[in-house]
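K.L.:
In our numbering, the protein residues as written are 893 to 1085. Heads up, the beta-carbon is just placed ideally off N, CA and C, and yes, glycines get one too. Only a predicted model underlies this, so the values are computations on that prediction, with no experimental measurement involved. Right, I'll just put the structure down here and ask away after.
Below you can see the structure in the form of C-alpha coordinates.
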(Lines of atoms letter the chains of each structure in order from A and count residues from 1; the text may use other names and numbers.)
(Lines give C-alpha, C1' and ligand atoms only; values in the text may rest on other atoms or scores of the structure.)
Protein backbone atom coordinates (compact mmCIF):
# COMPACT_ATOMS: atom_id res chain seq x y z
CA UNK A 1 0.00 0.00 0.00
CA UNK A 2 1.07 3.56 -0.74
CA UNK A 3 0.19 6.50 1.53
CA UNK A 4 -0.33 9.40 -0.89
CA UNK A 5 -1.12 13.09 -1.00
CA UNK A 6 -1.03 15.80 -3.66
CA UNK A 7 0.71 19.03 -2.74
CA UNK A 8 3.07 21.84 -3.52
CA UNK A 9 6.79 21.22 -3.11
CA UNK A 10 8.48 24.31 -1.68
CA UNK A 11 11.67 25.81 -3.08
CA UNK A 12 14.83 25.51 -1.03
CA UNK A 13 14.78 29.28 -0.47
CA UNK A 14 11.24 29.15 0.93
CA UNK A 15 12.04 26.11 3.11
CA UNK A 16 15.08 27.95 4.53
CA UNK A 17 12.95 31.03 5.18
CA UNK A 18 10.48 28.98 7.24
CA UNK A 19 13.29 27.04 8.96
CA UNK A 20 14.70 30.29 10.39
CA UNK A 21 11.47 30.69 12.38
CA UNK A 22 11.48 27.08 13.58
CA UNK A 23 13.33 27.43 16.87
CA UNK A 24 12.94 28.61 20.42
CA UNK A 25 9.65 26.94 21.34
CA UNK A 26 9.93 24.25 24.04
CA UNK A 27 7.88 21.15 23.29
CA UNK A 28 7.80 21.74 19.52
CA UNK A 29 8.72 18.88 17.20
CA UNK A 30 9.85 20.93 14.20
CA UNK A 31 9.24 19.57 10.72
CA UNK A 32 12.51 18.85 8.93
CA UNK A 33 12.92 21.65 6.34
CA UNK A 34 13.24 19.12 3.50
CA UNK A 35 9.71 17.88 4.39
CA UNK A 36 8.00 21.29 4.35
CA UNK A 37 5.17 21.35 1.78
CA UNK A 38 1.61 22.53 1.26
CA UNK A 39 -0.94 19.71 1.08
CA UNK A 40 -3.61 20.20 -1.57
CA UNK A 41 -5.36 16.85 -1.09
CA UNK A 42 -4.59 14.04 1.36
CA UNK A 43 -5.42 10.77 -0.38
CA UNK A 44 -4.40 8.14 2.16
CA UNK A 45 -3.47 4.50 1.68
CA UNK A 46 -4.16 3.04 -1.74
CA UNK A 47 -2.92 0.04 -3.67
CA UNK A 48 -0.59 0.38 -6.67
CA UNK A 49 -3.40 0.01 -9.22
CA UNK A 50 -5.37 2.85 -7.59
CA UNK A 51 -2.19 4.97 -7.45
CA UNK A 52 -1.84 4.50 -11.21
CA UNK A 53 -5.47 5.58 -11.73
CA UNK A 54 -4.90 8.67 -9.59
CA UNK A 55 -1.76 9.51 -11.57
CA UNK A 56 -3.66 9.33 -14.87
CA UNK A 57 -6.42 11.68 -13.63
CA UNK A 58 -3.91 14.16 -12.16
CA UNK A 59 -2.03 14.30 -15.49
CA UNK A 60 -5.15 15.78 -17.12
CA UNK A 61 -5.19 18.88 -14.90
CA UNK A 62 -4.33 21.98 -16.90
CA UNK A 63 -4.44 25.31 -15.07
CA UNK A 64 -2.19 28.35 -15.52
CA UNK A 65 0.70 29.07 -13.13
CA UNK A 66 0.04 31.63 -10.40
CA UNK A 67 1.77 33.48 -7.59
CA UNK A 68 1.33 32.61 -3.94
CA UNK A 69 2.21 34.52 -0.77
CA UNK A 70 2.47 33.40 2.83
CA UNK A 71 1.65 35.58 5.82
CA UNK A 72 1.27 34.82 9.48
CA UNK A 73 1.14 31.79 11.73
CA UNK A 74 -1.73 29.76 13.11
CA UNK A 75 -2.43 26.68 15.18
CA UNK A 76 -4.69 23.64 15.14
CA UNK A 77 -6.00 22.40 18.46
CA UNK A 78 -7.66 19.25 19.67
CA UNK A 79 -9.79 20.04 22.65
CA UNK A 80 -7.77 22.49 24.70
CA UNK A 81 -4.40 21.19 23.49
CA UNK A 82 -2.53 22.80 20.63
CA UNK A 83 -1.32 20.09 18.24
CA UNK A 84 0.07 21.91 15.18
CA UNK A 85 1.80 25.21 14.37
CA UNK A 86 1.54 26.32 10.74
CA UNK A 87 2.40 29.11 8.29
CA UNK A 88 -0.60 30.51 6.44
CA UNK A 89 -0.71 30.48 2.64
CA UNK A 90 -2.84 33.39 1.48
CA UNK A 91 -5.91 31.83 -0.14
CA UNK A 92 -6.42 32.95 -3.72
CA UNK A 93 -8.89 32.05 -6.44
CA UNK A 94 -6.04 30.43 -8.40
CA UNK A 95 -4.94 28.24 -5.48
CA UNK A 96 -8.53 27.25 -4.71
CA UNK A 97 -9.12 26.45 -8.41
CA UNK A 98 -6.07 24.14 -8.49
CA UNK A 99 -7.14 22.44 -5.26
CA UNK A 100 -10.67 21.97 -6.62
CA UNK A 101 -9.33 20.42 -9.84
CA UNK A 102 -7.18 18.02 -7.81
CA UNK A 103 -10.13 17.13 -5.57
CA UNK A 104 -12.28 16.38 -8.64
CA UNK A 105 -9.53 14.28 -10.23
CA UNK A 106 -9.02 12.21 -7.07
CA UNK A 107 -12.76 11.61 -6.72
CA UNK A 108 -12.97 10.62 -10.43
CA UNK A 109 -10.28 8.02 -9.76
CA UNK A 110 -12.64 6.35 -7.26
CA UNK A 111 -11.65 7.96 -3.93
CA UNK A 112 -14.22 9.39 -1.53
CA UNK A 113 -14.60 13.19 -1.41
CA UNK A 114 -12.60 15.12 1.17
CA UNK A 115 -14.83 16.04 4.10
CA UNK A 116 -12.56 18.74 5.55
CA UNK A 117 -12.54 22.34 4.31
CA UNK A 118 -9.35 23.30 2.47
CA UNK A 119 -7.15 25.58 4.61
CA UNK A 120 -3.88 26.28 2.78
CA UNK A 121 -0.93 26.06 5.16
CA UNK A 122 2.54 24.66 5.71
CA UNK A 123 2.92 22.64 8.92
CA UNK A 124 5.98 23.87 10.84
CA UNK A 125 5.73 21.96 14.14
CA UNK A 126 3.71 19.38 16.02
CA UNK A 127 3.18 19.15 19.78
CA UNK A 128 2.53 16.30 22.16
CA UNK A 129 2.53 18.60 25.13
CA UNK A 130 3.31 22.28 25.15
CA UNK A 131 2.40 25.17 27.36
CA UNK A 132 -0.38 27.17 25.61
CA UNK A 133 1.03 30.52 26.80
CA UNK A 134 4.40 29.75 25.21
CA UNK A 135 2.78 28.83 21.91
CA UNK A 136 0.64 31.97 22.00
CA UNK A 137 3.70 34.10 22.77
CA UNK A 138 5.64 32.46 19.92
CA UNK A 139 2.81 33.14 17.45
CA UNK A 140 2.61 36.76 18.65
CA UNK A 141 6.38 37.28 18.20
CA UNK A 142 6.48 35.64 14.77
CA UNK A 143 2.97 36.36 13.55
CA UNK A 144 4.14 38.85 10.92
CA UNK A 145 6.03 36.12 9.07
CA UNK A 146 5.91 36.96 5.35
CA UNK A 147 7.13 35.02 2.31
CA UNK A 148 6.64 35.33 -1.41
CA UNK A 149 5.39 35.87 -3.87
CA UNK A 150 6.48 32.51 -5.23
CA UNK A 151 5.38 31.25 -8.63
CA UNK A 152 3.44 27.99 -8.51
CA UNK A 153 3.97 26.19 -11.80
CA UNK A 154 3.60 22.56 -10.74
CA UNK A 155 2.17 20.25 -8.13
CA UNK A 156 3.41 16.88 -6.92
CA UNK A 157 2.07 13.46 -5.97
CA UNK A 158 3.91 12.54 -2.77
CA UNK A 159 4.28 9.26 -0.95
CA UNK A 160 4.45 9.57 2.83
CA UNK A 161 6.80 7.18 4.65
CA UNK A 162 6.15 6.95 8.38
CA UNK A 163 9.15 6.13 10.56
CA UNK A 164 10.50 6.46 14.08
CA UNK A 165 12.20 9.76 13.24
CA UNK A 166 8.94 11.16 11.87
CA UNK A 167 7.52 11.07 8.36
CA UNK A 168 9.46 11.80 5.21
CA UNK A 169 8.02 12.45 1.80
CA UNK A 170 9.03 11.15 -1.61
CA UNK A 171 7.99 12.81 -4.87
CA UNK A 172 6.39 10.16 -7.09
CA UNK A 173 5.17 12.36 -9.94
CA UNK A 174 5.47 15.99 -10.96
CA UNK A 175 2.61 17.73 -12.80
CA UNK A 176 3.34 21.01 -14.62
CA UNK A 177 0.47 23.48 -14.52
CA UNK A 178 0.90 24.25 -18.19
CA UNK A 179 1.25 21.59 -20.84
CA UNK A 180 4.44 21.12 -22.80
CA UNK A 181 6.69 22.33 -19.97
CA UNK A 182 8.53 20.56 -17.18
CA UNK A 183 9.34 16.91 -16.80
CA UNK A 184 7.95 14.05 -14.83
CA UNK A 185 9.95 13.40 -11.68
CA UNK A 186 8.63 9.88 -11.39
CA UNK A 187 5.83 7.79 -12.72
CA UNK A 188 3.27 6.68 -10.17
CA UNK A 189 1.91 4.41 -12.88
CA UNK A 190 5.33 2.73 -13.23
CA UNK A 191 5.52 2.42 -9.45
CA UNK A 192 2.17 0.66 -9.70
CA UNK A 193 3.57 -2.03 -11.99
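Please list, in chain order, all residues of the same chain as residue 987 whose beta carbon is under 8 Å from its beta carbon, the five residues on each side excluded.
P.N.:
Excluding positions up to five away in sequence, the list reads 958, 960, 981, 1012 and 1044.
K.L.:
Just mark residue 985 as buried or exposed, buried being the case when its beta carbon has 16 or more other beta carbons within 10 Å.
P.N.:
Exposed, since its Cβ has fewer than 16 Cβ neighbours within 10 Å.
K.L.:
Taking 8 Å as the cut-off, does the stretch 1047 to 1055 touch the stretch 996 to 1005 (at least 3 CB pairs, one atom from each stretch)?
P.N.:
Too few Cβ pairs lie closer than 8 Å, so no.
K.L.:
For residue 1081 and residue 949, I'd like the C-alpha separation in whole angstroms.
P.N.:
Any reading at residue 1081 must be qualified, since the residue scores a pLDDT of 42, below 50, and its modelled position is unreliable; the value itself is stated next. For residue 1081 and residue 949, the distance between alpha carbons rounds to 11 Å.
K.L.:
Is residue 1023 near the ligand NAD - that is, is its Cβ less than 7 Å away from at least one heavy atom of it?
P.N.:
With respect to the ligand NAD, the structure offers nothing, as it holds no ligand at all.
K.L.:
Three-state secondary structure (DSSP) at residue 1066?
P.N.:
Strand, per DSSP.
K.L.:
So who's on the other strand from residue 894, going by DSSP bridges?
P.N.:
Paired residues: 938.
K.L.:
Measuring alpha carbon to alpha carbon, tell me which residue in 975, 968, 1016 and 994 is nearest residue 910.
P.N.:
Here the closest residue by C-alpha is 1016.
K.L.:
From the DSSP output, in three-state form, read off residue 1013 for me.
P.N.:
The answer is strand: DSSP assigns residue 1013 an E or B state.
K.L.:
Buried or exposed for residue 1067, please, with buried defined as at least 16 other CB atoms from any protein chain shown within 10 angstroms of its CB.
P.N.:
Counting Cβ neighbours within 10 Å, residue 1067 comes out buried, since at least 16 surround it.
K.L.:
At what residues does the alpha helix (DSSP H) containing residue 995 begin and finish?
P.N.:
First-last of the alpha helix (DSSP H) with residue 995: 985 to 1000.
K.L.:
Determine the closest residue to residue 1037 out of 963, 990 and 1026, with distance taken between C-alpha atoms.
P.N.:
With distances taken between Cα atoms, residue 1037 lies closest to 963.
K.L.:
For residue 1025, count the other beta carbons within 10 Å of its own beta carbon; 16 or more makes it buried, fewer makes it exposed. Which is it?
P.N.:
So residue 1025 counts as exposed.
K.L.:
Going by the CB atoms, is the gap between residue 1063 and residue 944 shorter than 8 Å?
P.N.:
No, Cβ-Cβ distance for residue 944 and residue 1063 is not below 8 Å.
K.L.:
Look at the alpha carbon of residue 1034 and the alpha carbon of residue 941, and state the distance between them as a whole number of angstroms.
P.N.:
Straight-line Cα distance between these residues: approximately 44 Å.
K.L.:
Residue 895 to residue 907, Cα distance in whole Å?
P.N.:
Those two C-alpha atoms are separated by around 23 Å.
K.L.:
Could you pull the start and end residues of the beta strand (DSSP E) that residue 960 belongs to?
P.N.:
Where residue 960 is concerned, the enclosing beta strand (DSSP E) stretches over 958 to 970.
K.L.:
Measure the alpha-carbon distance for residue 1021 versus residue 973 and round it to whole angstroms.
P.N.:
Between residue 1021 and residue 973, the C-alpha separation is close to 8 Å.
K.L.:
Enumerate in chain order the residues of its own chain whose CB-to-CB distance from residue 997 is below 8 Å, with the five nearest sequence positions on each side excluded.
P.N.:
Correct list, in chain order: 946, 949, 950, 952 and 953.
K.L.:
If you reduce the DSSP assignment to three classes, tell me which class residue 1021 lands in.
P.N.:
In the structure shown, residue 1021 sits in coil (DSSP, three-state: anything other than H, G, I, E or B).
K.L.:
Assuming residue 955 and residue 1069 are in contact, meaning their beta carbons sit under 8 Å apart, how far apart are those beta carbons, in whole angstroms?
P.N.:
The pair is a contact, with the Cβ atoms about 5 Å apart (cut-off 8 Å).
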